[in-house]
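Undergrad: Counting in the working numbering, the final residue of the sequence shown is number 415, and the numbers go up one at a time with none missing. The C-beta atom is built at its ideal place from N, Cα and C for all residues, glycine as well. What follows is a single structure, and I will ask about it in a moment.
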Amino acid sequence: MTTRSVNSRFHSVIVRLLQILIVGCLIVLISSPVLAGSSNTIPQYGFLGSVTANAYIKSLQIPESTNGDCGIKSYTSPATNINVIGWTWWQCDRLRSDGTIVSSQNQGASVGYGTSSHQAGFTWTNAFSGGTTKLKAHGVHDFNHTGSSPSPWRPYNVNVYP
């Protein structure tokens, strides 16, 4: 066997292995469930010196189901403990395509004391059924700390999927 034929055979094997690898990657990407959803974060830069207060809210559809997921999180970055962190209220609404509310789940108020993060969420069984085409999470966050600016900071945050 000549050097040229060995190189040609080696090249053919490498090309075939690359083809198999690419096809395998595509199969994994296509078959993996992807969370269909979105979120919204409102930052308050300089809330406490170089600390940013972040108001995060999300709504999404769980892959391959009619279930939805809503969540809220209030946190500081870098992680810095503050006096009060959480929300005054938040809820999740099932909406028709025209924005009409089908039903709501109010989650009420909740705060943490002397911590850097506070979060909550829930799965809504059959959220995307009975005429519901959208999921809306919204609420008012609560950040309160002596010496911060502003204090309290209570931004309203909303996210609608899709």
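Can you tell me where the beta strand (DSSP E) holding R349 begins and where it ends?
TA: Start at 1 with the first residue of the sequence shown, and residue 349 comes out as number 96. First-last for R349: undefined, no H or E at that position.
Undergrad: Distance, Cα to Cα, N379 vs S356?
TA: The count along the sequence shown starts at 1 and reaches residue 379 at position 126. The count along the sequence shown starts at 1 and reaches residue 356 at position 103. Cα-Cα distance, rounded: 12 Å.
Undergrad: As a quick exercise: from K389, T368, S369, pick the residue whose alpha carbon is nearest that of W377.
TA: Here residue 377 refers to the residue found at position 124 of the sequence shown. The residue with the shortest Cα to Cα distance from W377 is K389.
Undergrad: Just to confirm before moving on: does the CB-CB distance between V364 and T333 stay below 7 Å?
TA: Taking the sequence shown and counting its residues from 1, the one referred to as residue 364 is at position 111. Taking the sequence shown and counting its residues from 1, the one referred to as residue 333 is at position 80. Cβ distance not < 7 Å, so V364 and T333 don't count as in contact.
Undergrad: Should D351 go down as buried or exposed, given a rule of 16 or more other Cβ atoms within 10 Å for buried?
TA: Within the sequence shown, residue 351 is the residue found at index 98, counting from 1. Classification of D351: exposed, given that the 10 Å Cβ count is below 16.
Undergrad: How many angstroms separate the CA atom of N307 from the CA atom of P296?
TA: Sequence index remark: in the sequence shown, residue 307 carries index 54 (1-based). Sequence index remark: in the sequence shown, residue 296 carries index 43 (1-based). Answer to the nearest angstrom: the Cα atoms are 5 Å apart.
Undergrad: Pick helix, strand or coil for F381, following the three-state DSSP scheme.
TA: If you number the sequence shown from 1, residue 381 lands on position 128. F381: coil per DSSP, three-state reduction.
Undergrad: Can you name the residues that DSSP bridges to H391?
TA: Residue numbering aside, residue 391 sits at position 138 when the sequence shown is read from its first letter. Q344, V411, per the DSSP bridge assignment.
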